[in-house]
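Numbers 31 to 627, taken from my numbering, label the letters of the sequence shown in order.
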Amino acid sequence: MLKYIRYSIWMLAIAVLLLWLAQHSSPTGKVNTAGPTTQLLPPAPYAADFAEQLAREKGARLSLHTLTELPADLPWQSGSPAPGIGDPRARRGGILRLSNTGPFPANFLRFGSTTPQFFHYNLFERIDVPLVWAHPATGQEMPGVAEAWCRRGNSLYFRLNPRARYTNGRPVRAADFALGLLLRLRLGEQPPCTALRCYGDSVVEVETPPRYADVLTVSRQLIPAEPGFYTEFGSNFAELYAQRIPPSTGAYTVAEIQRGRLIALQRVPNWWAQELPGFRHTHNVERIEHHFFTDEAQTWQAFINGRLDLMQTRNIAAWQSKLEGVPAAEDGRIALHSLHITHPMPPYGIAFNCRKLSETELRRGLLHAMDMPAAIEVLFRGYAEQLPQFTTGYRDLPHNTPQYRYDPAAARACFARAGYTECGADGILRRPDGKRLSVRFSFTPSDKLNTLVTQLVQSATACGAEITPEPLPWQNISRQLTEGSHELTFWATMPGLPLPDYARFFSSHATGHDAPFGLNDAGMDTAITAAQQATTQQEAATAAARIDELVYHHAIWLPGWMENRANIAAWQHVHLPAPYHGPYDVAESHQLWIEAP
Numbered sequence: 031m032l033k034y035i036r037y038s039i040w041m042l043a044i045a046v047l048l049l050w051l052a053q054h055s056s057p058t059g060k061v062n063t064a065g066p067t068t069q070l071l072p073p074a075p076y077a078a079d080f081a082e083q084l085a086r087e088k089g090a091r092l093s094l095h096t097l098t099e100l101p102a103d104l105p106w107q108s109g110s111p112a113p114g115i116g117d118p119r120a121r122r123g124g125i126l127r128l129s130n131t132g133p134f135p136a137n138f139l140r141f142g143s144t145t146p147q148f149f150h151y152n153l154f155e156r157i158d159v160p161l162v163w164a165h166p167a168t169g170q171e172m173p174g175v176a177e178a179w180c181r182r183g184n185s186l187y188f189r190l191n192p193r194a195r196y197t198n199g200r201p202v203r204a205a206d207f208a209l210g211l212l213l214r215l216r217l218g219e220q221p222p223c224t225a226l227r228c229y230g231d232s233v234v235e236v237e238t239p240p241r242y243a244d245v246l247t248v249s250r251q252l253i254p255a256e257p258g259f260y261t262e263f264g265s266n267f268a269e270l271y272a273q274r275i276p277p278s279t280g281a282y283t284v285a286e287i288q289r290g291r292l293i294a295l296q297r298v299p300n301w302w303a304q305e306l307p308g309f310r311h312t313h314n315v316e317r318i319e320h321h322f323f324t325d326e327a328q329t330w331q332a333f334i335n336g337r338l339d340l341m342q343t344r345n346i347a348a349w350q351s352k353l354e355g356v357p358a359a360e361d362g363r364i365a366l367h368s369l370h371i372t373h374p375m376p377p378y379g380i381a382f383n384c385r386k387l388s389e390t391e392l393r394r395g396l397l398h399a400m401d402m403p404a405a406i407e408v409l410f411r412g413y414a415e416q417l418p419q420f421t422t423g424y425r426d427l428p429h430n431t432p433q434y435r436y437d438p439a440a441a442r443a444c445f446a447r448a449g450y451t452e453c454g455a456d457g458i459l460r461r462p463d464g465k466r467l468s469v470r471f472s473f474t475p476s477d478k479l480n481t482l483v484t485q486l487v488q489s490a491t492a493c494g495a496e497i498t499p500e501p502l503p504w505q506n507i508s509r510q511l512t513e514g515s516h517e518l519t520f521w522a523t524m525p526g527l528p529l530p531d532y533a534r535f536f537s538s539h540a541t542g543h544d545a546p547f548g549l550n551d552a553g554m555d556t557a558i559t560a561a562q563q564a565t566t567q568q569e570a571a572t573a574a575a576r577i578d579e580l581v582y583h584h585a586i587w588l589p590g591w592m593e594n595r596a597n598i599a600a601w602q603h604v605h606l607p608a609p610y611h612g613p614y615d616v617a618e619s620h621q622l623w624i625e626a627p
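Here you go:
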């Protein structure tokens, strides 16, 4: 009998192990994650000494209170009526297969990643529901995880929607925001507030300096942490949690991973926010597959062969030429769409590193020597315009800033003032000591950027300047930006919302990927402070105009193109909303739907 029991236990253990392996891996590198759940779970407990941990934190004052301690007569608001988002014709279901040419993410950390992960935009920024969010057409405040909010003095109050749930089925509670901030502070992040107080499970108070007292900004900066997920948080957090999928408040979670090839997102059944204003006709697709490709040609071939459902391109030439002669495009099975979009524009362009190119006249000469409008004309065949200034697309910050125009005579005059007064046999200017006017230009190679660089190199050569192309993988570009070893680099970043975050670009203390300019200027620091402390639309507009003027004055950035038109090729079962209000990457608006013709 004992022998039989031992045999049964061994067989059971082997069965459990085989089941775990079948669910979590395969010889091809496929990983099946936990996936979404329909089950509503009770809240996970906090650590027994959670209140004491909050009290000991020095980075910000964190504390727990009862609802009876909440100030009385707070002026709660829940947003005013707003235009609908999405399309009432939308249907739920289907699979949307998209391309992703960015690097495969090294981790899935919601916070604490030591390197930028581009897929985090797809996984977190475009899916998570913040406390309050901005309507894409009007900019007005919309309810998210918070059903109501208000301001009193330097404090913002958020009353949570009692239906708000994480993708693992557990409820979102006020103290989750304190836990999220506590963990981030332990990782060395700067606090977005001076104090955070939780009242019961339903109200969060955030005390901020006046310059940060903006509902939308604070809402984006506060990230709740589901306590059951972070029970193993410690000094090895980044390594231990790198491949774990954190619960979020959004409509999708990761359902499948194939290393280097695929990340599939699955819609959460009975998502808690699906009937909220602004979400009713969004997040329609049941499964979203992000297929990772190594180059754009490979991506287009996959689309034409029907292995992808949608292609959005910034390269008009590719959009027009690569579909010529394709039967599906000629008979209407592939539809072409061009949508005009008004939104804060990513500052595509060329960043000048002042620490390497320290002479302002040299930088001004290079700006006059690179014919960006002509390069844009070649790239986009007349379908794109040059950015007028760094701050473009913000409806509340209208202003005009002068630009450096392509002018060989002006370029040579600037170079002469920088000491490049002699011309070599190859036409490149040099100083009397023989130093050539030569600068390095780093970029991540692609069909589009290769063409851009070729055009700019040719125009600069005609002005006596040698620009040496430096095509590098993104990892190498990232290392250059971290070390500050680049001279010129093609650069862009996500624009700040609802207003630009100038400090991370131009502050004397700014470092890393978002600070390629290496600027150290007291005047710019003063202008940034004025922008941060602006309390009216006019003050914000004046500060933004001053910062753009200083960008021009210091000659640190050559504006690239505006992304105000989304060009899309899609198979006919993919439907786009009309009218469209959302981000430049239309698929990331989650307003599309799948419906057989």
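Even glycine gets a Cβ: it sits at the ideal position worked out from N, Cα and C.
In this chain, alanine 194 is not harboured by any alpha helix (DSSP H), its DSSP state being neither H nor E. Proline 277 sits buried, since 16 or more C-beta atoms from the chains shown fall within 10 Å of its C-beta.
Contact check for leucine 409 against lysine 352 fails: the beta carbons are separated by 8 Å or more. For phenylalanine 382, the enclosing beta strand (DSSP E) begins and ends at 379-382.
Taking C-beta atoms as the reference points, threonine 279 and valine 202 count as a pair closer than 8 Å. Partner residues in the beta bridge of alanine 596, as assigned by DSSP, are Leu369. Within the model, the alpha-carbon separation for glutamate 500 versus alanine 492 is close to 20 Å. Taking 8 Å as the cut-off, the Cβ atoms of tyrosine 424 and leucine 270 do not count as close. The continuous alpha helix (DSSP H) containing asparagine 480 extends over residues 477-491.
Inter-residue distance for histidine 165 and histidine 311 is about 14 Å (C-alpha atoms, whole angstroms). Glutamate 177 places its beta carbon 8 Å or farther from that of arginine 195.
Residue range 245-251 is occupied by the alpha helix (DSSP H) that includes threonine 247, with no beta strand (DSSP E) assigned at that position. Between glycine 395 and alanine 359 the beta-carbon gap is near 45 Å, outside 8 Å, which marks them as no contact.
Listed in chain order, the non-local C-beta contacts of asparagine 130 below 6 Å within the same chain comprise His320, Phe322, local neighbours out to five positions each way being set aside. DSSP links alanine 176 through a beta bridge to Leu190.
The beta carbon of histidine 398 sits closer than 8 Å to those of Tyr434, Arg435, Tyr436, Asp437, Pro438, Ala440, Ala441, Cys444, Cys493, all from its chain and outside the five residues before and after it, given in chain order. The C-beta of proline 299 has fewer than 16 other C-beta atoms within 10 Å across all chains shown, which makes the residue exposed. Note on the stretch 496-560: whole alpha helix (DSSP H) runs with a minimum of 4 residues are 504-513, 533-536, in chain order. The beta carbon of alanine 81 is closer than 7 Å to those of Leu94 in its chain, skipping five residues each way along the sequence. One thing to note: alanine 90 has its Cβ no nearer than 8 Å to the Cβ of leucine 186. Only buried fits proline 254, as 16 or more other CB atoms lie within 10 angstroms of its CB. The Cβ-Cβ distance between glutamine 304 and alanine 596 does not fall below 8 Å. Taking a contact as a CB-CB distance under 8 Å, the pair glycine 132 and phenylalanine 154 does not count as one, their CB atoms being some 14 Å apart.
When secondary structure is reduced to three states using DSSP, tyrosine 151 falls in the helix class.
Under the three-state reduction of DSSP, methionine 341 is assigned to strand. DSSP lists Phe322 as the bridge partner or partners of asparagine 130. When only Cα atoms are considered, alanine 626 and glutamine 602 end up about 8 Å apart. In the three-state reduction of the DSSP assignment, threonine 390 falls in the helix class.
Sequence-distant partners of phenylalanine 263 (beyond 5 residues in either direction) whose C-beta falls short of 7 Å from its own C-beta, in its chain, are Leu213. Residue environment analysis places alanine 208 among the buried positions, since at least 16 neighbouring C-beta atoms fall within 10 angstroms of its C-beta. Within the DSSP secondary-structure output, glycine 116 pairs in a beta bridge with His311. By the neighbour-count definition (other C-beta atoms within 10 Å, threshold 16), threonine 283 is a buried residue. The C-beta of histidine 370 has fewer than 16 other C-beta atoms within 10 Å across all chains shown, which makes the residue exposed. Distances from the CA of proline 589 to each of Thr421, Thr572, Ser472, Asp158 were compared; the closest alpha carbon is that of Thr421. Listed as beta-bridge partners of isoleucine 293 by DSSP are Ile287, His320. In this structure, the straight-line span from the alpha carbon of proline 173 to that of serine 108 is close to 6 Å.
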